[in-house]
Amino acid sequence: MAEETIFSKIIRREIPSDIIYQDDLVTAFRDISPQAPTHVLIIPNVLIPTVNDVTADHELALGRLFTVAAKIAKEEGIAEDGYRLIMNCNHHSGQEVFHIHMHLVGGRPLGPLLAK
1 MAEETIFSKI IRREIPSDII YQDDLVTAFR DISPQAPTHV LIIPNVLIPT VNDVTADHEL
61 ALGRLFTVAA KIAKEEGIAE DGYRLIMNCN HHSGQEVFHI HMHLVGGRPL GPLLAK
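Per the UniProt record's numbering, the sequence shown runs over residues 1 to 116.
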């Protein structure tokens, strides 16, 4: 079994966080170190350490990440201009918390996807 993460505690509301959406499958909250005017993390409520650990059993929750991202983007007023969805997998990608999560980033032009 995977080790519990800080995100597990956020899901259970054991530590303070600016949660903007939560249902039985996913939780969304504002990043504590935003990289853009809108920077929200959307996470499955079940602990999945990396994308490499995803199974068919996770498909409903992972699909919900995208529908919630679209809902939040619309509510934040960034859907029309555009936004970026980012998921990192393991150390080379920069994954820091080993509970998969989607970054919803927008509210300004974001520039190129990767630094050279």
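Where a beta carbon is used, it is the ideal one built from N, C-alpha and C, also for glycine.
Keep in mind it's a predicted model, so treat the numbers as computed, not measured.
Around the CB of residue 32, fewer than 16 other CB atoms lie within 10 Å, so the residue is classed as exposed. With fewer than 16 other Cβ atoms from the protein chains shown falling within 10 Å of its own Cβ, residue 92 counts as exposed. By the Cβ-count criterion, residue 27 is buried, with 16 or more other Cβ atoms from all chains shown falling within 10 Å of its own Cβ. Residue environment analysis places residue 55 among the exposed positions, since fewer than 16 neighbouring C-beta atoms fall within 10 angstroms of its C-beta. The three-state secondary structure of residue 63, taken from DSSP, is helix. DSSP lists no bridge partner for residue 35. The alpha carbon of residue 75 has as its nearest neighbour, out of 13, 5, 59 and 104, the alpha carbon of 104. Between residue 94 and residue 36, the C-beta gap is not smaller than 8 Å, which leaves the two residues out of contact.
Here residue 41 is buried: its Cβ has 16 or more other Cβ atoms, across all protein chains shown, within 10 Å. Put simply, the segment 15-29 touches the segment 61-71. At least three CB pairs are less than 8 Å apart.
In this structure, the straight-line span from the alpha carbon of residue 66 to that of residue 9 is close to 22 Å.
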